[in-house]
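Protein chains: 2
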Amino acid sequence: MFKRKIKLTIAYDGTDYHGWQIQPGIRTVQETLCQAATSLVGSQVHVHGASRTDAGVHAKGQSGLIEVATPIPTKNFPRALTDRLPSDIAVVDACDVDPSFDLIRDVTRKRYRYTLCVTKPRPVMNIRYCWHVPGDLQVPAMQAAAQALVGTHDFKSFASAADKRQSSIRTVFRCDVTERHDTPHHWIDIEVEGNGFLYNMVRNIVGTLVDIGRGRWNPDQMAAIRDAADRTAAGQLAPASGLCLEWIRY
Amino acid sequence: MFKRKIKLTIAYDGTDYHGWQIQPGIRTVQETLCQAATSLVGSQVHVHGASRTDAGVHAKGQSGLIEVATPIPTKNFPRALTDRLPSDIAVVDACDVDPSFDLIRDVTRKRYRYTLCVTKPRPVMNIRYCWHVPGDLQVPAMQAAAQALVGTHDFKSFASAADKRQSSIRTVFRCDVTERHDTPHHWIDIEVEGNGFLYNMVRNIVGTLVDIGRGRWNPDQMAAIRDAADRTAAGQLAPASGLCLEWIRY
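Sequences listed follow chains E and A, in order.
So the first sequence is numbered by this note's numbering: it starts at 59 and just counts up by one.
So the second sequence is numbered by this note's numbering: it starts at 59 and just counts up by one.
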């Protein structure tokens, strides 16, 4: 039987995992998926991922890729894999892809969403999925500053030092800050779409936007922070819990 | 200093607790609150609760009562207690109440909400807060059956055997079944308001409504199930995860 390539769409609550990527001796999303796929197919299967999400980061639409030689129809993979996974991971879709398909290079666009809760009472039923920053944030200032990130720029100011990739130039298609009320809580959602992201880029952008919302900087300083090409010019790193990889397009 | 009575409004994610009520050697919401209140006030404080929610059941508006002699202003209690609590419990409000106030007898109305997810993919970021029942449910049948529960009735058919209270007559003011779409998921919310609830009553009602939604019974059989005054006449017990105590009115 020929091996075929299957692209998986994967959702997870990252709270109880040390991130996506396999690391010896600790629990990761990738390793948990490899075990499920190996158990289903009956031979060793490796699950490649499009984004190495960090510890505590969530996904509604991570992309995974497996190569398998099995009579199991592709359409049965989501249910069969999900049945073999813990309750905080699910495979929501599966489709056959061309042998030439490249899970990382063929990405055209990704969307991340970051959720802030700004009201005083702790949002106990969403605390795993937000950053709780009680207090007043100037949303119009955050919205104005976010627009300075749209376009093709060097995003080095928003890349944590651990990033070893060569070019730090990326294109951000959208960076929208919106408010949402859900009594008794008041939320701010920050959606960022781009053709790729540097290490910790969205969390560094969000931390900087929160600093701007608190008045540490004026929104028109965002362009200078971006152009400094220096991580120390930007704001704090927002915690992982508020971040979710919404989808990846090819 | 005179002791004063303070009513607390408490929210929690019940997933990681063995229910509300203190039991030796296991982690409960009540015990965790007692420790926080004792630490804040500096002397032994007991936190009484209006509803003994079961293991895994959540609350947005549980009522608690403490009696304290302390110079700490009542308005400072929510923040000060929440700071001493784990991230899955919060005290969202505090107010002084009359010495004659009775936390259990003075209740006039409670609302519970039960959340079902009926779409196939597992809702990983809501799995702690719903019952995942993938498949078609006949919502109009559930809505019609729910109306048979409104009014003053003997709800013995929906009380688990463990209930030792004498009267099983209660008044249900509302029992509404509504649908909600939040791509890719489809949710059904069941809201029940009543002047009081028997042990497991909402979960037994929900289990029965799901059986009706699946066609096990016609909606017009709900009145007969109710009037049987026999637990075995009703449907399955819905799991705790989907249940949330929304509020309690006095």
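For glycine and all other residues, C-beta sits at the position ideal for the given N, C-alpha and C.
Hey, residue i and residue j are a contact pair by Cβ (cut 8 Å); roughly how many whole angstroms apart?
{"i": "ILE64/A", "j": "VAL126/A", "result": "7 Å"}
{"i": "LEU301/E", "j": "HIS106/E", "result": "Contact doesn't hold; Cβ gap of about 21 Å is too wide."}
{"i": "TYR187/A", "j": "SER109/A", "result": "Going by Cβ atoms, the distance from TYR187/A to SER109/A rounds to 18 Å, so no, they are not a contact pair."}
{"i": "VAL268/A", "j": "GLY252/A", "result": "The Cβ separation is near 19 Å, so there is no contact."}
{"i": "THR173/E", "j": "GLY114/E", "result": "THR173/E to GLY114/E, Cβ: 13 Å. No contact."}
{"i": "ARG167/A", "j": "PHE231/A", "result": "7 Å"}
{"i": "ILE248/A", "j": "VAL176/A", "result": "Incorrect: roughly 12 Å between the Cβ atoms, too far for contact."}
{"i": "PRO179/E", "j": "PRO131/A", "result": "Actually they do not touch by this definition, with Cβ atoms about 18 Å apart."}
{"i": "THR54/E", "j": "TRP78/E", "result": "Residue 54/E falls outside the range modelled here, since chain E spans only 59 to 308, and no answer is possible."}
{"i": "ASP151/E", "j": "TYR308/E", "result": "At roughly 13 Å, the Cβ-Cβ gap does not stay under 8 Å, so ASP151/E and TYR308/E are not in contact."}
Would residue i be called buried (16 or more neighbouring beta carbons within 10 Å of its own) or exposed?
{"i": "CYS153/E", "result": "exposed"}
{"i": "ASP217/E", "result": "According to the sequence provided, residue 217/E is Ala. The question's Asp does not apply to it. ALA217/E is buried by the Cβ-count criterion."}
{"i": "ASP71/E", "result": "buried"}
{"i": "THR266/E", "result": "buried"}
{"i": "THR86/A", "result": "buried"}
{"i": "MET280/E", "result": "buried"}
{"i": "GLY181/A", "result": "The question names Gly, yet the displayed sequence has Pro at residue 181/A. By the 10 Å Cβ count, PRO181/A comes out buried."}
{"i": "GLY100/A", "result": "exposed"}
{"i": "GLY119/E", "result": "buried"}
{"i": "ASN258/A", "result": "buried"}
Measure the alpha-carbon distance for residue i versus residue j and round it to whole angstroms.
{"i": "ALA69/E", "j": "ASP160/A", "result": "46 Å"}
{"i": "ILE162/E", "j": "ARG171/E", "result": "20 Å"}
{"i": "ILE283/A", "j": "HIS244/A", "result": "28 Å"}
{"i": "LEU295/E", "j": "ILE270/E", "result": "13 Å"}
{"i": "ALA203/E", "j": "ILE84/A", "result": "49 Å"}
{"i": "TYR75/E", "j": "HIS190/E", "result": "21 Å"}
{"i": "ARG207/A", "j": "CYS233/A", "result": "As written in the sequence, residue 207/A is Leu, which differs from the Arg given in the question. Cα to Cα, the separation comes out at about 7 Å."}
{"i": "GLN201/A", "j": "VAL260/A", "result": "15 Å"}
{"i": "PRO19/E", "j": "LEU66/E", "result": "Residue 19/E is absent from the model: chain E starts at 59 and stops at 308."}
{"i": "ASN262/A", "j": "ILE227/A", "result": "16 Å"}
{"i": "LEU98/E", "j": "LEU139/E", "result": "7 Å"}
{"i": "GLY209/A", "j": "PRO297/A", "result": "25 Å"}
{"i": "LYS61/A", "j": "GLY122/A", "result": "16 Å"}
{"i": "LEU303/A", "j": "ALA219/E", "result": "45 Å"}
{"i": "GLU237/A", "j": "PRO198/A", "result": "10 Å"}
{"i": "SER225/E", "j": "ASP285/E", "result": "15 Å"}
{"i": "ILE185/A", "j": "ALA287/E", "result": "41 Å"}
{"i": "ARG289/E", "j": "THR229/E", "result": "18 Å"}
{"i": "GLN205/E", "j": "ARG274/E", "result": "18 Å"}
{"i": "VAL103/A", "j": "THR90/A", "result": "12 Å"}
{"i": "ASP240/E", "j": "MET59/A", "result": "40 Å"}
{"i": "GLN81/E", "j": "ILE147/E", "result": "18 Å"}
{"i": "MET183/A", "j": "ILE306/E", "result": "18 Å"}
{"i": "ARG169/A", "j": "VAL235/E", "result": "34 Å"}
{"i": "VAL250/A", "j": "ALA291/E", "result": "53 Å"}
{"i": "ARG272/E", "j": "ASP278/E", "result": "14 Å"}
{"i": "VAL155/E", "j": "LYS133/A", "result": "60 Å"}
{"i": "PRO242/A", "j": "ASN276/A", "result": "29 Å"}
{"i": "GLN88/E", "j": "VAL264/E", "result": "26 Å"}
{"i": "ILE124/E", "j": "ILE124/A", "result": "57 Å"}
Mind checking whether the beta-carbon of residue i lies closer than 7 Å to any heavy atom of the ligand MG?
{"i": "ALA298/A", "result": "You won't find the ligand MG in this model; it holds no ligand whatsoever."}
State whether the segment 127-147 of chain E contacts the segment 92-100 of chain E, with contact taken as three or more CB pairs (one from each stretch) at a distance under 8 Å. These segments touch.
Decide yes or no for the touch test of the segment 192-199 of chain E against the segment 213-220 of chain E: beta carbon pairs closer than 8 Å, at least 3 of them. Result no; under three Cβ-Cβ pairs closer than 8 Å.
Closer than 9 Å between beta carbons: that is the criterion. Which residues of the segment 140-158 of chain E meet it against chain A? Within the segment 140-158 of chain E, THR140, LEU143, SER145, ASP146, ILE147, ALA148, VAL149, VAL150, ASP151 place their CB atoms closer than 9 Å to a CB of chain A, listed in sequence order.
Taking beta-carbon pairs under 8 Å, can you tell me which members of the segment 70-91 of chain A lie near chain E? For the segment 70-91 of chain A, the set of positions with a beta-carbon nearer than 8 Å to some beta-carbon of chain E reads TYR70, ASP71 in chain order.
Name, going along the chain, the residues of the segment 232-256 of chain E whose beta-carbon falls closer than 8 Å to a beta-carbon of chain A. Listed by position, the residues of the segment 232-256 of chain E near chain A (Cβ gap below 8 Å) are PRO242.
Interface residues of the segment 105-131 of chain E facing chain A [CB-CB below 7 Å]: Listed by position along the chain: HIS116.
Residues within the segment 179-190 of chain E neighbouring chain A, beta-carbon criterion of under 7 Å: Only those residues of the segment 179-190 of chain E whose C-beta falls short of 7 Å from the nearest C-beta of chain A are listed: PRO179, ARG180, VAL182, MET183, ILE185, TYR187.
Taking Cβ-Cβ distances below 9 Å as the criterion, which residues of the segment 293-304 of chain E are in contact with chain A? In summary, the residues of the segment 293-304 of chain E whose CB is separated from some CB of chain A by less than 9 Å are CYS302, in the order they occur in the chain.
Just by C-beta distance, which residues in the segment 265-277 of chain E are closer than 7 Å to chain A? Those residues of the segment 265-277 of chain E that come within reach of chain A (Cβ to Cβ, closer than 7 Å) do not exist; the list is empty.
Name, going along the chain, the residues of the segment 194-221 of chain E whose beta-carbon falls closer than 8 Å to a beta-carbon of chain A. Those would be none; no residue qualifies.
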